[in-house]
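Q: My structure is below; once you've seen it, I'll send some questions.
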Amino acid sequence: MNSVHTIHGGIHPREEKQLSRPGQVIDAGLPHELILPLSQHIGAPAEPIVSVGDHVKGGQRLAEDQGAVSAAVHAPTSGHITAIDMQPVPHPSGLTNVCIRLTPDHADEWLVLQGLADYRSEAPDTVIAHIRAAGISGLGGAGFPTATKLLARERSAIHTLIINGTECEPYITADDTLMQVAAEQIVAGAEILAHILGAETILYGVEDNKPAALKAMREALAASDDALGQQQVVSFPTKYPSGGEKQLIEILTGEQVPSGGLPADLGIVCQNPGTAVAVRDAVIDGKPLTDRLVTVTGRAVSHASNYRVRLGTPIAHLLALAGFTPGSRQRLIHGGPMMGFALETDAVPVVKTTNCVLAPTQEELPAPPPAQACIRCGLCAEACPASLLPQQLYWYARAKDQEQLEKHHLFDCIECGACSWVCPSSIPLVQYYRAAKSHIVETRDDKQRAERSKGRFEARQERVEREAAERERKRAERKATAQQKAAASEADDPVQAAIARTKARKEQAAQTKDAS
Amino acid sequence: MDFLRITSPHGHGPLSTAKVMQTVLLATLPGLAAMTWFFGPGTLINIIFGGLIALALEYAVMGIRQRDPLFYLRDYSVLVTSTLLCFALPPYAPWWLILIGVASAVLLGKHVFGGLGYNPFNPAMVGYVVLLISFPLQMSSWAAPRGLGEVPGFTDALTALFFARDYDAVTMATPLDIMRQNTGLLMDDLYREATQFGQWAGVGWEWVNLAFLAGGVWLLYQRIFTWHGPVAMLAAIGLCAAAGFDGGSSNSGGSPVFHWLSGATMFGAFFIITDPVSSAVSNRGRLIFGALIGVLVYIIRVTGNYPDAVAFAVLILNFAAPLIDQYTQPATYGHDRSSE
């Protein structure tokens, strides 16, 4: 396991990590209002179990998770619920969503938290239930509910847990800082996760541009009793996007996650260091996920740093703390410069997936110039970590050629943005792929819907025909009965009988005449 | 407050299309220097004159197509097209030859297909082939290199350009022509007999090729293109020449070194087949693309009747590039390498 493997492509954008002084944490304090979206994770939104006017304590559950893929929401402090309504949330499309609004009473009174005394003696399901109850979803970016991810152990045997401390996005130092200040907790959390998963090996993957984090992690590992004896901190050369889950797995193991599959198919589960700490806090201390580290950085703020932020804190509060001076054409980015999305307003809150708030100046990250023609130079293909041909995908995306797009594996694109970054013609390639993906998904949905309605139509047609046939059969039956009846009644009719008798007589007479 | 909303990524790398084009132009400087040393300022004059025509045409066409002409002129692509074409034209060509060539390259080679990025063929080679087929005499009148004849000066160059009738051209068959036309001599005799032959290939030509090789290697170092196309083409030419070479008689096609350093080999390998628009897209595809061009160059040189073969070979493979792409899609992450 000592050797690291290389991945295809990748880029080396300016790192800008020192700007936010990794290793230093500032408490962001309490804002005058916390805005807690019911959907801070992938999956079904949580369902509120409090009402407006209720007084809640810190750590109290405000909304229940719904179904298998969901995460609960807890109060980050004590206070009153002032509203449950639609508020702008961090979303690429600037959506609003249902949020619970909590006005802190500044007493910061907490429920008595109850952890598991000895998780090692507990069944994995009990520990998972604890994690689910704490409302933990991945803190790395995608926000997949952690308890659900741990169910991978039921699908396939897991041998390796990877703690993804790569943090390859420029600017962001939240994980770097966490590894420096909370290495023991990360290791403790990882050991809990490994216990649940039944994994024998834990690998901590950290890029070599974080020497302090590497040192802290190695020391924490040396200090831990390491019940597994199979833990290792692996450092590898800095390159974007080494921190992509699939990329990191290839770097550490040399194996590729099958297309459309999950790391679990290889016996691997990846977790973010922040998630590991949240798991430790939930299992050992019984503390739900109510805060996280957020890097606030960019040259439009004067005090770039990592802040310990309670979930629901408006980004405006953070920016004020960091000394934000908006410039002309100011951009505010949720996440890093490569994959983060631009926010419309700073009224949105920090959520479980908020690892960075980036406020660059216009000179720092200039808006892209108008796109020029694609000269198919192939720099994008050189940079693509998924070994795609971005120039061909661009071509087919413009032509809306869905067949070729799928043949060129559009859906294996991880949208890391390396192609757009290198493109000498400044073509927003990723944007084309996102649009093409949603277009294809839409077409598939339409097709499914069409097939469903076709099925319905055919079923109706069949029913109509069946009913018609039934009616026809009944009609025929009635007719037959009527005829039989008629025949029967013919026999009974006195007039007919008389005619018949006369006829018979005449015939008889005629026969007698002939005979004589 | 409302912030500016742009989709990710929010940063951009240092490279621009204009920079790529400028780098290519810079990389032609060693070749230009060598050509000027051996053949005089004719090529330089061609390039300047052709460049002006190209800029004017691009401006006009973009105006007609109702786009902002200056935005498109700023990418330098039309200058690359005209410059590469003018390298391939005989020095001291008349103005109308250059005009027709550049116009064919820019209009027929590029704009009829929709402009930069949409051209299936290498525009410079389209221009070259139009001229070669239409004006074979003018196109095969190559000046004698330094050492074999008087190298013309600037006045000669301008006279040749604008008053072709008043210009007495000193032209000579190129070594490739001589090699093709001789079958009954020993190679050593041929090299002794024909003054056009130098150390390895033709006098002057060998150095011109080496200069283009130097520029090409610099472009590789600058990562403007990958090694696959050029290396495959040179390897294929070398292999074909080695297979067809009998070691001594002029009956065979010439040694690998002779082919590498003759005609437009290096220029083609590093400046023509590396045109990304009209070549195959994947690295594997470019290996096949380059190799097949190499094979065709050798075949056309040895059996054909044209001064050089690079242009035809490139155009034929431009046709084949989409087909090559069809079969050389690289294995995507997470897909079974053996099944594709």
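Chains as they are written, first to last, in numbering that gives the first Met the number 0: chain B, 0 to 515; chain D, 0 to 339.
Cβ atoms here follow ideal geometry from the backbone N, Cα and C, with glycine treated the same way.
Bear in mind that the values here come from a model prediction, so they are computed numbers and not experimental data.
Using only CA atoms, which one of D:V129, D:F224, D:A104 lies nearest to D:S278?
A: If we check each option's Cα against that of D:S278, D:F224 comes out closest.
Q: Verify the CB distance criterion: does D:L219 have a CB-CB separation below 7 angstroms to chain B?
A: It does not: the Cβ of D:L219 has no partner Cβ on chain B nearer than 7 angstroms.
Q: Could you please tell me which residues of the segment 366-380 of chain B, in chain order, have their CB closer than 9 angstroms to any CB of chain D?
A: From the segment 366-380 of chain B, only A366, P367, P368, P369, Q371, A372, C373, I374, R375, C376, G377, L378, A380 have a Cβ closer than 9 angstroms to chain D.
Q: Could you give the residue range of the alpha helix (DSSP H) that holds B:L247?
A: B:L247 -> alpha helix (DSSP H) spans 244-252.
Q: With DSSP as the reference, label D:S337 as helix, strand or coil.
A: With a pLDDT of 49 at D:S337, under the threshold of 50, the modelled position of that residue is not reliable, and no figure is offered here.
Q: Quick one, are the C-beta atoms of D:S81 and D:G49 less than 7 angstroms apart?
A: Yes, these two residues count as a Cβ contact at 7 angstroms.
Q: Does chain B have any CB closer than 7 angstroms to the CB of D:T16?
A: Output row for D:T16: interface = yes.
Q: With DSSP collapsed to three states, give me the class of B:P103.
A: DSSP places B:P103 in strand when its eight states are reduced to three.
Q: Going by DSSP, what residue range makes up the beta strand (DSSP E) through B:L33?
A: B:L33 -> beta strand (DSSP E) spans 33-36.
Q: By the criterion of Cβ-Cβ separation under 9 angstroms, what are the contact partners of D:Q21 in chain B?
A: Going along chain B, no residue has its Cβ under 9 angstroms from D:Q21, so there is no contact; the nearest lies around 11 angstroms.
Q: Would you say B:V3 faces chain D, with C-beta separation under 7 angstroms as the test?
A: Not an interface residue.
Q: Could you check if B:I185 is buried or exposed, using at least 16 other CB atoms within 10 Å of its CB as the buried criterion?
A: Label assigned to B:I185: buried.
Q: Hey, out of B:T76, B:G134, B:P75, B:R13, whose CA is closest to B:S38's CA?
A: Minimum Cα distance to B:S38 is reached at B:G134.
Q: Which of the three DSSP states is assigned to B:W109 in this structure?
A: Strand at B:W109.
Q: Which residues bound the alpha helix (DSSP H) around B:H129?
A: Where B:H129 is concerned, the enclosing alpha helix (DSSP H) stretches over 123-132.
Q: How many Å lie between B:H129 and B:I283 at the Cα?
A: Between B:H129 and B:I283, the C-alpha separation is close to 10 angstroms.
Q: Determine, using beta carbons only, whether B:Q12 comes closer than 7 angstroms to chain D.
A: In the sequence under discussion, the amino acid at residue 12 of chain B is Pro, which differs from the Gln named in the question. Yes, contact with chain D.
Q: From this set, D:V296, D:G126, D:M265, D:S15, which residue's C-alpha is nearest D:A26's C-alpha?
A: The shortest Cα separation from D:A26 among D:V296, D:G126, D:M265, D:S15 belongs to D:M265.
Q: I want to see whether chain B comes within less than 7 angstroms of D:T273, judged by CB atoms only; does it?
A: Closer than 7 angstroms: no.
Q: I'd like to know whether the C-beta atoms of B:T294 and B:C355 end up nearer to each other than 7 angstroms.
A: A contact, by the Cβ cut-off of 7 angstroms.
Q: Taking C-beta pairs closer than 7 angstroms, name the residues in chain B that D:T264 reaches, listed in chain order.
A: By Cβ distance, chain B contributes nothing, its closest Cβ being about 23 angstroms from D:T264, past 7 angstroms.
Q: With a threshold of 7 angstroms between beta carbons, is D:S337 in contact with chain B?
A: Its pLDDT being 49, under 50, D:S337 is placed unreliably in this model, and the coordinates cannot settle the point.
Q: Can you give me the C-alpha to C-alpha distance between B:A132 and B:L138, rounded to a whole angstrom?
A: Cα to Cα, B:A132 sits roughly 16 angstroms from B:L138.
Q: Can you give me the Cβ contacts of B:S2 inside the same chain, cut-off strictly under 6 angstroms, excluding the 5 residues immediately before and after it?
A: Around B:S2: no qualifying Cβ.
Q: Under a three-way DSSP split, which group does B:C379 fall into?
A: B:C379 falls in the helix class under three-state DSSP.
Q: I need the straight-line Cα distance from D:P329 to B:L428, nearest angstrom please.
A: Using only the alpha carbons, I get a separation of about 19 angstroms.
Q: Does the distance between the C-beta of B:Q361 and the nearest non-hydrogen atom of the ligand COA fall short of 6 angstroms?
A: What this structure holds is no ligand at all, so the ligand COA is not there to describe.
Q: Just the C-alpha distance for B:M0 and D:N317, rounded to the nearest angstrom, thanks.
A: The pLDDT assigned to B:M0 is 46, lower than 50, so where the model puts this residue is not dependable; a value taken from the coordinates is nonetheless given after this. For B:M0 and D:N317, the distance between alpha carbons rounds to 46 angstroms.
Q: Is there a Cβ of chain B sitting closer than 7 angstroms to that of D:T331, yes or no?
A: Chain B, which has a Cβ nearer than 7 angstroms to the Cβ of D:T331, makes this yes.
Q: Tell me the rounded alpha-carbon separation between D:P321 and D:R285.
A: Going from the Cα of D:P321 to the Cα of D:R285 covers about 11 angstroms.
Q: Measure the alpha-carbon distance for D:Y297 versus B:G377 and round it to whole angstroms.
A: Approximately 28 angstroms, taken between the alpha carbons.
Q: DSSP has B:A357 in a bridge; who is on the other side?
A: Note that residue 357 of chain B corresponds to Leu in the displayed sequence, not to Ala. B:L357 is bridged to B:T296, B:I332.
Q: Cβ of B:R330 less than 7 angstroms from any chain D Cβ?
A: It does: the Cβ of B:R330 has a partner Cβ on chain D nearer than 7 angstroms.
Q: I'd like to know if the segment 11-22 of chain D and the segment 206-223 of chain D are in contact, where contact means that at least 3 CB-CB pairs between them fall below 8 angstroms.
A: Taking 8 angstroms as the limit for Cβ pairs, the verdict is that the segment 206-223 of chain D does touch the segment 11-22 of chain D.
Q: So if I threshold CB-CB distances at 8 angstroms, which residues from the segment 31-52 of chain D count as touching chain B?
A: Those would be none; no residue qualifies.
Q: With a floor of 4 residues, list each alpha helix (DSSP H) that falls wholly inside the segment 126-170 of chain D, ordered by position along the chain.
A: DSSP runs (the alpha helix (DSSP H)) wholly in the segment 126-170 of chain D: 135-138, 153-161.
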